[in-house]
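Asks: First to last, the sequence lines map onto chains R and V. Numbering-wise, my numbering puts 409 at position 369 of the first sequence, and it's gapless, one number per residue. Numbering-wise, my numbering puts 57 at position 17 of the second sequence, and it's gapless, one number per residue. We put the beta carbon where it would ideally sit given N, CA and C, even for glycine. Nothing here was measured: the structure is a model prediction, and the numbers come from that model.
Number of protein chains: 2
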Amino acid sequence: MPINFKISAQCPQTAARRGELKTSRGTVQTPAFMPVGTGGTVKAITVDELKEIGVGLILSNCYHLFLRPGVEIIARHGGLHSFMNWPGSILTDSGGFQVFSLGGMRKLSDDGVSFTSHIDGSTHFLSPERVARLQNVIGSDIAMVLDQCPPYPCSHEEVKVAVDRTTIWARRARQAHLRENQALFAIIQGGVYNDLRRQSASELVDLEFDGYAIGGLSVGEPKELMYETLHYTVPELPVEKVHYLMGVGSPDALLEGVKYGIDIFDCVLPTRIARNGRVMTSGGYMSIRNSIYATDLSPLDEACSCPVCQSYSRAYIRHLFNAGEILGLRLTTYHNLYYLEQLMKEIRSALSENRFEEYYRIMSPRLGKLYGGVV
Amino acid sequence: MPINFKISAQCPQTAARRGELKTSRGTVQTPAFMPVGTGGTVKAITVDELKEIGVGLILSNCYHLFLRPGVEIIARHGGLHSFMNWPGSILTDSGGFQVFSLGGMRKLSDDGVSFTSHIDGSTHFLSPERVARLQNVIGSDIAMVLDQCPPYPCSHEEVKVAVDRTTIWARRARQAHLRENQALFAIIQGGVYNDLRRQSASELVDLEFDGYAIGGLSVGEPKELMYETLHYTVPELPVEKVHYLMGVGSPDALLEGVKYGIDIFDCVLPTRIARNGRVMTSGGYMSIRNSIYATDLSPLDEACSCPVCQSYSRAYIRHLFNAGEILGLRLTTYHNLYYLEQLMKEIRSALSENRFEEYYRIMSPRLGKLYGGVV
Chain R
41 MPINFKISAQ CPQTAARRGE LKTSRGTVQT PAFMPVGTGG TVKAITVDEL
91 KEIGVGLILS NCYHLFLRPG VEIIARHGGL HSFMNWPGSI LTDSGGFQVF
141 SLGGMRKLSD DGVSFTSHID GSTHFLSPER VARLQNVIGS DIAMVLDQCP
191 PYPCSHEEVK VAVDRTTIWA RRARQAHLRE NQALFAIIQG GVYNDLRRQS
241 ASELVDLEFD GYAIGGLSVG EPKELMYETL HYTVPELPVE KVHYLMGVGS
291 PDALLEGVKY GIDIFDCVLP TRIARNGRVM TSGGYMSIRN SIYATDLSPL
341 DEACSCPVCQ SYSRAYIRHL FNAGEILGLR LTTYHNLYYL EQLMKEIRSA
391 LSENRFEEYY RIMSPRLGKL YGGVV
Chain V
41 MPINFKISAQ CPQTAARRGE LKTSRGTVQT PAFMPVGTGG TVKAITVDEL
91 KEIGVGLILS NCYHLFLRPG VEIIARHGGL HSFMNWPGSI LTDSGGFQVF
141 SLGGMRKLSD DGVSFTSHID GSTHFLSPER VARLQNVIGS DIAMVLDQCP
191 PYPCSHEEVK VAVDRTTIWA RRARQAHLRE NQALFAIIQG GVYNDLRRQS
241 ASELVDLEFD GYAIGGLSVG EPKELMYETL HYTVPELPVE KVHYLMGVGS
291 PDALLEGVKY GIDIFDCVLP TRIARNGRVM TSGGYMSIRN SIYATDLSPL
341 DEACSCPVCQ SYSRAYIRHL FNAGEILGLR LTTYHNLYYL EQLMKEIRSA
391 LSENRFEEYY RIMSPRLGKL YGGVV
């Protein structure tokens with residue numbers, strides 16, 4: 041078995057569960073948030089800092105690595121872990137989401153998708169088989185099938201086409217996938233349509249994957265609609281397999297996702313907003329560029345025990361952003377990843393200690409108020 | 041005494057010396073290279089990384105800090121050390137070099153210099169007294185007097201004016217300087233004119249400063265002319281005081297400077313070129329963006345024991361630069377500072393072990409060949 045997933049505690053009142061995901065690289069405590077290292081690095085952060093923060097599993101992207109630097113040079117390093125010097129676990133997304141975000145720059149058929157590179161305008165063709173094999177070469181611990189991710193909003197008819205194709209592609213990916221020490225996860229599509237989510241889940245579960253992702257959410261729909269979709273989709277997945285909610289990283293949505301039975305999450309949110317000077321704190325989002333912080337000697341977050349909050353003032357970090365200093369976005373990136381890791385740690389403790397429902401009752405309205413608005 | 045400088049070994053054949061510079065923050069082994077943290081951060085690097093590399097003394101800049109974020113907020117943090125979280129020693133340059141680089145944007149008189157900010161176009165006036173007091177507030181361990189730094193080339197007549205004014209300003213700075221636990225260094229000017237260097241040194245030495253810098257070099261003159269100037273200027277300085285060569289950081293010039301009796305150096309070179317993907321190696325400069333490194337699995341420098349060279353390939357670092365990833369310039373910056381720190385360590389060992397002349401005989405032609413050209 042390429043991965044081993046064990047549920048160690050189940051919340052009696054909700055679908056939330058505490059687990060351990062073992063890969064050949066180590067054990068990841070779930071529920072877990074995966075920082076995103078699209079191009080073979082989590083932006084602005086070193087692998088040592090990720091370890092220090094407590095991260096054990098990161099996400100990278102087959103599509104981006106395929107375009108740059110190309111999988112051949114990664115293979116010559118012995119795989120992505122060695123290329124980027126990351127001893128922990130890696131999940132690679134297929135690039136389905138990225139390709140379908142290209143809009144007019146791609147052409148879709150049952151065979152696969154041809155598209156124009158956003159980097160140099162070169163043309164490429166990716167099929168479910170090719171994406172599976174590319175990930176075999178990249179050597180991530182968990183690979184994702186190529187899926188068709190419809191936008192939001194999208195008609196029932198169009199989403200149905202995407203669901204049907206995603207199933208066919210998943211079957212083909214399953215057959216093409218050759219690496220025994222690499223897990224393969226399917227991606228449930230179906231937009232916000234109950235019947236299509238059920239169809240997608242049922243068809244993909246029949247194909248027996250190592251884990252199941254819920255894709256096509258967090259693409260612009262209201263959060264309530266995302267939660268409703270999770271409410272009826274997650275129960276369609278095998279209890280004993282990993283449940284992965286793609287593209288979610290805001291603190292309130294992480295907590296809600298856990299309640300619906302999600303085990304792993306990924307999102308560029310914490311690192312992307314950090315580079316714009318936006319941090320997550322116990323008081324909600326804070327834009328450190330704001331002039332009110334020019335003379336503020338307190339840390340980003342009084343309640344945070346990360347090294348950034350132990351060592352630097354808001355005034356200093358604001359100065360760094362003001363002066364265009366790279367250290368500024370290093371510090372905010374570190375803080376945001378630490379903040380989310382701490383949140384997941386708290387959630388895991390609540391689950392382990394059989395008090396998740398109580399934790400949820402207190403934290404859900406609080407996080408909803410702080411982070412529920414538009415990012 | 042704000043600082044204590046002790047010479048522990050003197051090369052019998054050259055003017056090179058091994059020393060220890062004690063400030064209230066610690067002891068700096070000399071000869072030493074100071075990384076430049078103009079705006080309160082050494083660009084792209086954390087203070088923990090500086091410590092890890094072995095740096096004990098950095099340079100910051102009164103002029104830059106005065107304009108942004110302003111000295112008041114630094115004072116409210118208890119000084120620059122606390123503002124930037126740096127426990128080591130700090131030398132602040134006066135800004136003389138920066139102000140005189142402004143060209144048409146400044147107006148010079150015997151009183152001082154009025155200039156327009158390069159940041160927001162606001163107008164300011166700096167006098168020798170004000171610059172001394174600003175540095176008192178910033179709280180660096182070593183402050184520099186405001187000087188007038190002529191360009192190269194420059195007529196004897198014009199350099200003479202700068203020398204005369206620099207002496208007058210140094211006297212005024214000396215009187216205005218009030219911080220007892222902060223050393224004050226004078227800056228010898230005189231361009232490449234022997235008589236003017238002697239005049240400047242003689243006048244400033246008479247004023248009894250805690251240390252002496254040689255300014256107005258490394259401003260575009262041929263390296264040979266810089267060495268010649270050092271050759272006749274350094275002997276004019278008190279042996280027992282710190283000798284500081286400003287703006288020098290290329291490996292060959294560091295070694296030559298040591299030979300002429302220089303104790304400390306600063307330069308933006310290693311950090312600035314790093315951000316452009318240029319690194320210093322045992323084989324000379326290397327531009328990591330070059331496509332020949334696209335498939336190169338070796339480290340930046342096989343002979344280097346820094347963590348970057350222990351962990352990352354040229355192909356990976358090139359990929360990072362290619363993809364615009366911040367990690368790329370973090371790694372090259374770290375490597376370059378480590379490289380120079382190692383060079384200075386080697387030089388110090390050679391001096392301690394009474395074999396500097398031999399070391400110099402081997403390394404001077406080698407470094408000259410590798411680094412002697414235009415940067």
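So with Cβ pairs under 8 Å, would you call Y233 of chain V a contact of chain R?
Replies: Here the question's residue 233 of chain V lines up with position 193 in the second sequence. No, no contact with chain R.
Asks: Give every residue of the same chain whose Cβ lies closer than 7 Å to the Cβ of T305 of chain V, excluding the five residues on either side of it in the sequence, and list them in chain order.
Replies: Counting from 1 along the second sequence, the entry for residue 305 of chain V is found at position 265. This sequence places Phe at residue 305 of chain V; Thr is not what is there. Cβ within range, chain order: F73, M74, L285, V288, G289, L294, G297.
Asks: Answer yes if the stretch 111-128 of chain V comes into contact with the stretch 159-179 of chain V, meaning at least three C-beta pairs across the two stretches below 8 Å, and no otherwise.
Replies: Touching, yes.
Asks: By the three-class DSSP mapping on this structure, what secondary structure does N316 of chain R have?
Replies: Residue numbering aside, residue 316 of chain R sits at position 276 when the first sequence is read from its first letter. Correct three-state label for N316 of chain R: coil.
Asks: Residues of chain R with CB closer than 8 Å to the CB of N362 of chain V, please, in chain order.
Replies: Start at 1 with the first residue of the second sequence, and residue 362 of chain V comes out as number 322. Simply R108, P109.
Asks: Rounded to whole angstroms, what's the CA-CA distance from E386 of chain V to A241 of chain V? Just pull it up for me.
Replies: For this step, residue 386 of chain V is matched to residue 346 along the second sequence. For this step, residue 241 of chain V is matched to residue 201 along the second sequence. E386 of chain V and A241 of chain V: Cα-Cα distance of roughly 30 Å.
Asks: Do A84 of chain V and G301 of chain V count as a contact pair if the criterion is CB distance below 8 Å?
Replies: Locating residue 301 of chain V in the second sequence gives position 261, counting from the first residue. Locating residue 84 of chain V in the second sequence gives position 44, counting from the first residue. No, these two residues do not count as a Cβ contact at 8 Å.
Asks: Out of R:I182, R:P168, R:L236, state which residue places its alpha-carbon closest to the alpha-carbon of A216 of chain R.
Replies: As a position in the first sequence, residue 216 of chain R is number 176, starting the count at 1. The shortest C-alpha separation from A216 of chain R is found at R:P168.
Asks: Can you name the start and end residues of the beta strand (DSSP E) that M326 of chain R belongs to?
Replies: Within the first sequence, the letter at position 286 stands for residue 326 of chain R. Run containing M326 of chain R: 324-327, per the beta strand (DSSP E) assignment.
Asks: Decide if the stretch 264-279 of chain V is in contact with the stretch 227-243 of chain V; the criterion is three or more beta carbon pairs, one per stretch, under 8 Å apart.
Replies: With three or more CB-CB distances shorter than 8 Å, the stretch 264-279 of chain V counts as touching the stretch 227-243 of chain V.
Asks: With respect to the alpha helix (DSSP H) encompassing N376 of chain V, which residues constitute its N-terminal and C-terminal limits?
Replies: Position 336 of the second sequence, counted from the first residue, corresponds to residue 376 of chain V. N376 of chain V -> alpha helix (DSSP H) spans 366-392.
Asks: From R312 of chain V to R318 of chain V, what does the alpha carbon distance come to, in whole angstroms?
Replies: Against the second sequence, residue 312 of chain V aligns to sequence position 272. Against the second sequence, residue 318 of chain V aligns to sequence position 278. The alpha-carbon atoms of R312 of chain V and R318 of chain V are separated by roughly 9 Å.
Asks: Please state if the CB of E261 of chain R and the CB of V232 of chain R are separated by a distance shorter than 8 Å.
Replies: One-based indexing of the first sequence puts residue 232 of chain R at position 192. One-based indexing of the first sequence puts residue 261 of chain R at position 221. Yes, the pair counts as a contact, with Cβ atoms nearer than the cut-off.
Asks: Taking the C-alpha atoms as reference points, what is the distance between V415 of chain R and S149 of chain V?
Replies: One-based indexing of the first sequence puts residue 415 of chain R at position 375. One-based indexing of the second sequence puts residue 149 of chain V at position 109. Residue confidence is low: V415 of chain R scores 46 on pLDDT, short of 50, so the model does not pin down where it sits. Its coordinate-derived value is still stated next. One C-alpha to the other measures close to 53 Å.
Asks: When the Cα atoms are used, what is the spatial distance from G256 of chain R to C307 of chain R?
Replies: If you number the first sequence from 1, residue 256 of chain R lands on position 216. If you number the first sequence from 1, residue 307 of chain R lands on position 267. Roughly 13 Å separates the two Cα atoms.
Asks: Any C-beta of chain V sitting closer than 8 Å to the C-beta of S353 of chain R?
Replies: Counting from 1 along the first sequence, the entry for residue 353 of chain R is found at position 313. Flagged as an interface residue toward chain V: S353 of chain R, by a C-beta distance shorter than 8 Å.
Asks: For the alpha helix (DSSP H) containing L107 of chain V, name the first residue and the last one.
Replies: Along the second sequence, one-based indexing puts residue 107 of chain V at 67. 102-107 is the extent of the alpha helix (DSSP H) around L107 of chain V.
Asks: Going by DSSP in three states, F361 of chain V sits in which element: helix, strand or coil?
Replies: Translated into positions along the second sequence, residue 361 of chain V becomes position 321. Correct three-state label for F361 of chain V: helix.
Asks: My output table needs one value for R214 of chain V: the three-state DSSP class, helix, strand or coil.
Replies: Taking the second sequence and counting its residues from 1, the one referred to as residue 214 of chain V is at position 174. Reduced to three states, the DSSP call for R214 of chain V is helix.
Asks: Mark S331 of chain V as exposed unless 16 or more other C-beta atoms lie within 10 angstroms of its C-beta, in which case mark it buried.
Replies: Here residue 331 of chain V corresponds to residue number 291 of the second sequence, with the count starting at 1. Classification for S331 of chain V: exposed.
Asks: So the beta strand (DSSP E) N44 of chain R belongs to, where does it begin and stop?
Replies: Walking along the first sequence from the start, residue 44 of chain R turns up at place 4. For N44 of chain R, the enclosing beta strand (DSSP E) starts and ends at 44-50.
Asks: Could you work out which residue in R:D204, R:P193, R:W209 is closest to L4 of chain R when comparing CA atoms only?
Replies: No answer is possible for residue 4 of chain R: the residues shown for chain R start at 41 and end at 415.
Asks: Using a C-beta cutoff of 8 Å, does K83 of chain R count as contacting chain V?
Replies: Start at 1 with the first residue of the first sequence, and residue 83 of chain R comes out as number 43. Chain V contact via Cβ: present.
Asks: For the alpha helix (DSSP H) holding R406 of chain V, just list the boundary residues, first then last.
Replies: The residue labelled residue 406 of chain V in the question sits at position 366 within the second sequence. DSSP places R406 of chain V inside the alpha helix (DSSP H), whose first and last residues are 396-411.
Asks: If you measure between the beta carbons of E89 of chain R and T81 of chain V, is that distance less than 8 Å?
Replies: Position 49 of the first sequence, counting from 1, holds the residue named residue 89 of chain R. Position 41 of the second sequence, counting from 1, holds the residue named residue 81 of chain V. Not in contact: E89 of chain R and T81 of chain V (Cβ atoms no closer than 8 Å).
Asks: In chain V, which residues lie less than 8 Å from M124 of chain R when you measure between Cβ atoms?
Replies: Along the first sequence, one-based indexing puts residue 124 of chain R at 84. Residues of chain V passing the Cβ test: Y356.
Asks: Does the beta carbon of G420 of chain R sit closer than 8 Å to a beta carbon anywhere in chain V?
Replies: Examination of residue 420 of chain R is not possible in this model, given that chain R is present from 41 through 415 alone.
Asks: Below 9 Å on C-beta distance, what does E365 of chain R contact in chain V?
Replies: In the first sequence, the residue the question calls residue 365 of chain R occupies position 325. Here the neighbours are G79, G80, T81, K83, A84.
Asks: What are the boundary residues of the alpha helix (DSSP H) that includes Q1 of chain V?
Replies: Absent from the structure is residue 1 of chain V, since the part of chain V shown begins at 41 and ends at 415.
Asks: Is the Cβ-Cβ distance between Y378 of chain R and I182 of chain R less than 8 Å?
Replies: In the first sequence, residue 378 of chain R corresponds to position 338, counting from 1. In the first sequence, residue 182 of chain R corresponds to position 142, counting from 1. No, these two residues do not count as a Cβ contact at 8 Å.
Asks: State yes or no: is the beta carbon of R370 of chain R nearer than 8 Å to at least one beta carbon in chain V?
Replies: The residue given as residue 370 of chain R occupies position 330 in the first sequence. Residue contact check for R370 of chain R against chain V: a CB pair falls below 8 Å.
Asks: Measuring CB atoms only, is the stretch 393-409 of chain R touching the stretch 354-363 of chain V, in the sense that at least three cross pairs come out at less than 8 Å?
Replies: no
Asks: Considering only C-alpha positions, which residue in the set R:T70, R:P52, R:Q50, R:Q53 is nearest to N44 of chain R?
Replies: Position 4 of the first sequence, counted from the start, is the residue given in the question as residue 44 of chain R. Minimum Cα distance to N44 of chain R is reached at R:T70.
Asks: Which of the three DSSP states is assigned to G251 of chain R in this structure?
Replies: Working through the first sequence from its first residue, we reach residue 251 of chain R at position 211. Correct three-state label for G251 of chain R: strand.
Asks: Going along the chain, which residues of its own chain have a beta-carbon closer than 7 Å to the beta-carbon of A334 of chain V, five neighbours each way excluded?
Replies: Mapped onto the second sequence, residue 334 of chain V falls at position 294. Taken in chain order, the residues that qualify are A355, R358.
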